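Engineer: Protein chains in written order, with our numbering: chain U, 843 to 1412; chain P, 48 to 368. Glycine is no exception: its CB is placed at the ideal position from the N, C-alpha and C atoms. Computed from a predicted model, the values in this text were never measured in an experiment.
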Amino acid sequence: MKKIMSKIALLVVVLSILLSACARPTDEPIPPTKVPEVAPTDVPTKAPDAAPTDEATKAPETPPTDVPPTPAPTEIIPTDIELWAGGRVSEAGPPPDDWAAYQIIKDELKINLELVLLPSTQADQDTKINAAAAGNSLPDLFMVNRDTWFKLVEAGLVANVEELLPLMPVRTQTHYSDADRNKLVVYNGAMYGLPDPGAMPMTDSLVIRKDWLVKLGLESPKTLDDFLAVAKAFTFDDPDGNGTDDTYGFCAFIDGSGLIAAGVGPRFDFIYGAYGVAGTWNLTSKDAFGLNARDPNYMLATQFIKTLNDEKVIDPDWPTLKKDEFRARWKQGKCGMMHENFAALANKSNYKDFDANFPDGEWAVMDAPTGPDGKSAAGIVVKTARIYAVSQKAMDEGKGPAIARLLEWMANDEGYFLLGFGVEGVNYVLDANGYISTEGLEDAAKWTSKEAQPLTQLANMVYIFSDIELKARYVAYQTTNGRTMDPLAYYSAFGEQPFTESTGAAVINPPANAADFIRFYSENIVQFVLGQKPLDETTWAEFIAGLDSLGAKELEADALETLLATGFVK
Amino acid sequence: MVAITKTRTAPTLIVRGQQKLSKLTRTIIKYRWLYFLMLPGLIYFILFRYLPLWNAQIAFKDFKPLLGVWGSPFAGFKHFLTFFNSYYFSQLITNTLFFSLMKLVLGLPVAVILALSLYESMFRFLRKLVQTISYMPHFLSWVIMFGILLAMLSPGEGLINEIIKAAGGKSISFLTSPAWFRVVIIGSDIWKETGWGTIIYLASLMSIDPTLFEAAAVDGASRLQRIWHISLPGILSTIVVVTLLRLGNVLDAGFQQLFVLYSLPVYSVGDILDTWVYRQGILEFQFSLATAVGLFKGVIGLTLVVFANRLAKRLARTGLY
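1. For Glu924 (chain U) and Leu176 (chain P), I'd like the C-alpha separation in whole angstroms.
2. Within the same chain, show all residues whose beta-carbon is closer than 7 Å to that of Ser119 (chain P), passing over the 5 residues directly before and after it, in chain order.
3. Please report the Cβ distance between Ala1143 (chain U) and Val1119 (chain U), rounded to the nearest whole angstrom; I am assuming they are in contact, meaning their Cβ atoms lie under 8 Å.
4. Could you work out which residues of chain P lie near Gln1374 (chain U), taking near to mean beta carbons separated by less than 8 Å?
5. What's the gap between the Cα of Ser962 (chain U) and the Cα of Ser932 (chain U)?
6. So Tyr1332 (chain U) is in the alpha helix (DSSP H); what residue range does that whole segment cover?
7. For chain U, find out if any of its Cβ atoms is closer than 9 Å to the Cβ of Tyr134 (chain P); answer yes or no.
8. Cβ of Ser1218 (chain U) within 9 Å of Cβ of Ala1348 (chain U)?
9. Leaving out five residues on either side along the sequence, give the residues of the same chain with a beta carbon under 7 Å from the beta carbon of Leu1058 (chain U).
10. Could you pull out every residue in the same chain whose Cβ sits closer than 6 Å to the Cβ of Thr350 (chain P), ignoring the five residues on either side in sequence?
11. Going by beta carbon distance, what residues of the same chain come within less than 7 Å of Ile282 (chain P), once the five residues before and after it are set aside?
12. Say whether the region 1026-1034 of chain U touches the region 1171-1187 of chain U, bearing in mind that this needs 3 or more beta-carbon pairs closer than 8 Å, one atom from each stretch.
13. What in chain P is Cβ-close to Glu1343 (chain U), meaning under 8 Å?
14. Check the Cβ of Lys217 (chain P) against every Cβ in chain U and list those closer than 8 Å, keeping chain order.
15. For Pro1039 (chain U), which of helix, strand or coil comes out of DSSP?
16. Ser1364 (chain U) touches chain P at which residues, Cβ-Cβ below 9 Å?
17. Just checking: is the beta-carbon of Ile329 (chain P) within a distance shorter than 9 Å of some beta-carbon in chain U?
18. Measure how close the beta-carbons of Thr1290 (chain U) and Leu1261 (chain U) come, nearest whole angstrom, since I'm counting them as under 8 Å.
19. What do you reckon, are the CB atoms on Pro1161 (chain U) and Thr322 (chain P) nearer than 9 Å?
20. Give the interface partners of Leu15 (chain P) over in chain U, defined as CB-CB distance under 9 Å, in chain order.
21. Any Cβ of chain P within less than 9 Å of the Cβ of Pro961 (chain U)?
22. In whole angstroms, give me the CA-to-CA distance for Glu1204 (chain U) and Glu1311 (chain U).
23. Kindly list, in the order they appear in chain P, the residues whose Cβ is closer than 8 Å to that of Pro993 (chain U).
24. Along chain U, in chain order, which residues have C-beta atoms closer than 7 Å to that of Gly203 (chain P)?
25. In the DSSP assignment, what are the bridge partners of Tyr1230 (chain U)?
26. Could you tell me which chain P residues have their CB closer than 9 Å to the CB of Leu1007 (chain U), listed as they occur along the chain?
27. Write down the C-beta distance between Leu367 (chain P) and Thr245 (chain P) rounded to the nearest angstrom, noting that I regard them as a contact closer than 8 Å.
28. What three-state label does DSSP hand Glu1343 (chain U) in the structure shown?
29. Is the region 1362-1377 of chain U close to the region 342-349 of chain P, with three or more CB pairs under 8 Å?
30. Rounding to the nearest angstrom, what Cα-Cα distance links Ser1344 (chain U) and Asn1124 (chain U) in this structure?
31. Beta-carbon of Ala1143 (chain U) versus every beta-carbon of chain P: anything under 9 Å?
32. Can you tell which of U:Glu1403, U:Leu1397, U:Val1232 and U:Trp1382 has its C-alpha closest to the C-alpha of Tyr1140 (chain U)?
33. Shortest alpha-carbon distance to Val152 (chain P) belongs to which of P:Ile233, P:Asn132 and P:Asn102?
34. Taking Cβ positions only, does Ala1357 (chain U) come closer than 9 Å to chain P?
35. Can you list, in chain order, the residues of its chain whose CB lies under 6 Å from that of Arg1247 (chain U), leaving out five sequence neighbours each side?
36. Listed in chain order, which residues of the region 99-118 of chain P have Cβ atoms closer than 7 Å to some Cβ of chain U?
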């Protein structure tokens, strides 16, 4: 009997394992299991009357009069929508099951929304999306980078979305009315993607330790020669006064991926800018168009970076550092100058470690240094987009109108505030001027708190960089020693720097051998800088010949054709 | 006469078949629980190892997800040729074979020596302690290992470089120097996996009849002689099997490790087949190319296993099958 019982038990265990292994995830979307504590009616249905009127970045209010009227409502069919979105905060989780938005979307829009947050890095996002695409199982609506989007469109997996635009007049006005941005998603003359506003332009520029300058009696550098001199002083003259040789004049890392950020990446673009060749491409005119690497000044700029490396004034770990490790360095007080994002530098949550370590430390905005011909650029400007694509499968299944309904709701007051800032009165309040505030709210409930981060994970689908958003997201505060730290002041100062316009580079489609081409380009530049290869006119010519053997001329010809067609180059 | 023969032969065959079938059935019934236990593993291999082989045909097609695996247009050996003619083909193959073989050639003896040392250790506590410490790195991901290696090898403030500088030397860019990068890769792999690799050899050592050691000790054999004449021959078949299995994956040089540790300055010595496939095949949405490379790796691995198995049978009188 005991033997039989043990056999039955074994059978049950094995069957359970088999069933669990073979089980498929349920197709049902994530329904909210609980009605939110704050009834949906508490969510503001109208933008604040006194909303600031920044023309370029107007908050979503009543649709403008020139917007075509929304088509007459027809019977709404309940629809399941699977959305793969980029979360606002990569380290925070997805919204909870009882998220207020799920219920509203279900009740008002008749949509069962299944939300999946994409991985934070672009390569991981591409891997996930490409794997789904290979199985023809792309989600209904998904965020995708431009290069991957292009390949999916070519494969016929992404739908033409032009028929959706009339179904969402408000969102079309607020999100899809930028002609340049729209060009990023045009394929064969039609829109195959929805280009939400991407990262803000001109957010990254040079900053310098003002307290170190004062201590060493130096001026902020104006030219590249000054830059080198100050970098040497910051490295070897003990600017922090701790008696140890533990500081670097300049900190950086190889940032970004793809051809647009090839070489040593955008953290060094200000040096190329000083030689008039910032960015991978020269987009100034049809005749001048081509790889900047063909310009002799590109070699000179690379030589200057090599000088920084040879003089040991740059953090020696720069070729291997990842973004987080780079940021740890300046928070540990090792860096004198760097090219950094204003929010990563100055937002309270990012600045607090540096402030705790160095209460008297101060980062000042530094002018982009000029080169031998007096040129300068703090970096390149690429008007990016967060592209949302609709899978052809979803369109074939008739989900287009439901997707448009969802996106339109996000652009209206209710969706905008709920997804962008949470529930009014719970996660945020509106002050007398109509700005977002967290005064009087519980710390854990504030939309800016770590605990509330999952509630605004879809904020990037609604943000349009309005004045309301900027003031809400980048709040001024007092540092430990009583200074006022205002992230927007940094942003504003960065915006006054010269930048090289390169938006057109975003529409250049990658070559078939992109991995080899980009590797060859970037690897050679880094080898030149590190001294692994001699850097002179002969070796540079060999480098250019190598690019040509990998199809650089064909790439340039194709790129020029695209740029002329889109009007980025004339 | 012929008819008689026919009538006598047919039933005999049927009876023999029935006997054979019933014998097989009886064996299955007799060991039914063992077969039942084997079932999940069998299903796993069918589902995840054999059925996916159907999809390997996309290596010979221009795979279009909308058309499916069968419906995609035939492309012959186009993707294989793309791979063979790619700019870095020879470098990729060289790097892959170098890492794979060096990990095998240098890693295997270290694991065997550690296993023998642990087995011969008279101090039980020390043995357990060393075992635990040596197993631990296996459970760390390569992302964590990168952090540890950076803290140790950074030219700025890495522990090793601090020691070098304190001794009057110049700091070394271990992670960005092509000359040192290979050493770091092989060394860190041995450090991470040696402890875990000893398990199979320890188990093999445990299975050696202890009376052999006792008899050898009585005959006056020294400890080294016992290791040389009993322990090593006792685990030789395990060493051969492990080596053969590793040869089957000779073109797998450790994607995760290289992917985390390599950077632009060391691509020339660090880029391997799998990292290239990731960049060119997966990220560039060229799944046919990625599959072609995978198939190429599989064929090379299979060929090596077959030849190595024959060689092992001839030289060591043991093999995989």
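Structural biologist: With the structure as the only source:
1. Against the first sequence, residue 924 (chain U) aligns to sequence position 82. Against the second sequence, residue 176 (chain P) aligns to sequence position 129. Separation of Glu924 (chain U) and Leu176 (chain P) (C-alpha to C-alpha, rounded to the nearest whole angstrom) is 51 Å.
2. The residue labelled residue 119 (chain P) in the question sits at position 72 within the second sequence. So the list reads Ile105, Lys108, Asp109, Phe110 and Lys111, once near-sequence residues are dropped.
3. Counted from its first residue, the first sequence places residue 1143 (chain U) at position 301. Counted from its first residue, the first sequence places residue 1119 (chain U) at position 277. Indeed they touch by this definition, with Cβ atoms about 6 Å apart.
4. Residue numbering aside, residue 1374 (chain U) sits at position 532 when the first sequence is read from its first letter. Using a Cβ-Cβ cut-off of 8 Å, Gln1374 (chain U) is close to Pro225 and Pro312 of chain P, given in chain order.
5. Taking the first sequence and counting its residues from 1, one reaches residue 962 (chain U) at position 120. Taking the first sequence and counting its residues from 1, one reaches residue 932 (chain U) at position 90. CA-CA distance, Ser962 (chain U) to Ser932 (chain U), rounds to 6 Å.
6. In the first sequence, counting from the first residue as 1, residue 1332 (chain U) sits at position 490. For Tyr1332 (chain U), the enclosing alpha helix (DSSP H) covers residues Pro1329 to Gly1337.
7. Counted from its first residue, the second sequence places residue 134 (chain P) at position 87. With 9 Å as the cut-off, Tyr134 (chain P) counts as an interface residue toward chain U.
8. Reading the first sequence from its first residue, position 376 is the one you call residue 1218 (chain U). Reading the first sequence from its first residue, position 506 is the one you call residue 1348 (chain U). The beta carbons of Ser1218 (chain U) and Ala1348 (chain U) sit no closer together than 9 Å.
9. Position 216 of the first sequence, counting from 1, holds the residue named residue 1058 (chain U). Ala1075, Asp1079 and Pro1081.
10. The residue given as residue 350 (chain P) occupies position 303 in the second sequence. Within the same chain, Thr350 (chain P) has no close Cβ partners at all.
11. Working through the second sequence from its first residue, we reach residue 282 (chain P) at position 235. Taken in chain order, the residues that qualify are Tyr248, Ser251 and Leu252.
12. Three or more Cβ pairs closer than 8 Å define a contact, and the region 1026-1034 of chain U falls short of that threshold against the region 1171-1187 of chain U.
13. Along the first sequence, read from residue 1 onward, the residue named residue 1343 (chain U) stands at position 501. Listed along chain P, no residue sits closer than 8 Å to Glu1343 (chain U) by beta-carbon distance, the nearest being about 27 Å off.
14. The sequence position of residue 217 (chain P) within the second sequence is 170, counting from 1. Chain U residues near Lys217 (chain P): none, gap ~11 Å exceeds 8 Å.
15. Counting from 1 along the first sequence, the entry for residue 1039 (chain U) is found at position 197. DSSP places Pro1039 (chain U) in strand when its eight states are reduced to three.
16. If you number the first sequence from 1, residue 1364 (chain U) lands on position 522. Within chain P, the residues near Ser1364 (chain U) are Leu311 and Tyr314.
17. Here residue 329 (chain P) corresponds to residue number 282 of the second sequence, with the count starting at 1. Interface residue, yes.
18. Against the first sequence, residue 1290 (chain U) aligns to sequence position 448. Against the first sequence, residue 1261 (chain U) aligns to sequence position 419. The Cβ separation is near 15 Å, so there is no contact.
19. For the purposes of this step, residue 1161 (chain U) is identified with residue 319 of the first sequence, where counting begins at 1. For the purposes of this step, residue 322 (chain P) is identified with residue 275 of the second sequence, where counting begins at 1. Cβ atoms of Pro1161 (chain U) and Thr322 (chain P): not closer than 9 Å.
20. Here chain P comprises residues numbered 48 to 368, so residue 15 (chain P) is not present and cannot be evaluated.
21. As a first step, residue 961 (chain U) must be located in the first sequence, where it is residue number 119. No, its Cβ sits nowhere closer than 9 Å to a Cβ of chain P.
22. As a position in the first sequence, residue 1204 (chain U) is number 362, starting the count at 1. As a position in the first sequence, residue 1311 (chain U) is number 469, starting the count at 1. Between the alpha carbons of Glu1204 (chain U) and Glu1311 (chain U) lies a distance of about 26 Å.
23. The count along the first sequence starts at 1 and reaches residue 993 (chain U) at position 151. One point to set straight first is that residue 993 (chain U) is Lys, not Pro, in the sequence displayed. Simply Glu331 and Phe332.
24. Position 156 of the second sequence, counted from the first residue, corresponds to residue 203 (chain P). What Gly203 (chain P) touches in chain U: Asp1157, Pro1158 and Asp1159.
25. The residue you call residue 1230 (chain U) lines up with position 388 of the first sequence. Beta bridge pairing from DSSP links Tyr1230 (chain U) with U:Met985 and U:Leu1036.
26. Counting from 1 along the first sequence, the entry for residue 1007 (chain U) is found at position 165. Taking a Cβ-Cβ threshold of 9 Å, none of the residues of chain P is close to Leu1007 (chain U); the smallest such distance is about 25 Å.
27. Position 320 of the second sequence holds residue 367 (chain P). Position 198 of the second sequence holds residue 245 (chain P). Their Cβ separation, rounded to whole angstroms, is 21 Å, which puts Leu367 (chain P) and Thr245 (chain P) out of contact at 8 Å.
28. Working through the first sequence from its first residue, we reach residue 1343 (chain U) at position 501. Three-state DSSP puts Glu1343 (chain U) in a strand.
29. Short answer: they don't touch.
30. Translated into the one-based positions of the first sequence, residue 1344 (chain U) becomes position 502. Translated into the one-based positions of the first sequence, residue 1124 (chain U) becomes position 282. Cα to Cα, the separation comes out at about 8 Å.
31. Your numbering for residue 1143 (chain U) matches position 301 in the first sequence. Output row for Ala1143 (chain U): interface = no.
32. As a first step, residue 1140 (chain U) must be located in the first sequence, where it is residue number 298. Considering only alpha carbons, the answer is U:Trp1382.
33. One-based indexing of the second sequence puts residue 152 (chain P) at position 105. When each option's Cα is compared against that of Val152 (chain P), the closest is P:Ile233.
34. In the first sequence, residue 1357 (chain U) corresponds to position 515, counting from 1. At a cut-off of 9 Å between beta carbons, Ala1357 (chain U) contacts chain P.
35. Reading the first sequence from its first residue, position 405 is the one you call residue 1247 (chain U). The residues Leu951, in chain order, have a CB closer than 6 Å to that of Arg1247 (chain U) in the same chain once the five nearest residues on each side in sequence are set aside.
36. Residues passing the 7 Å Cβ filter: Lys111, Pro112 and Leu113.
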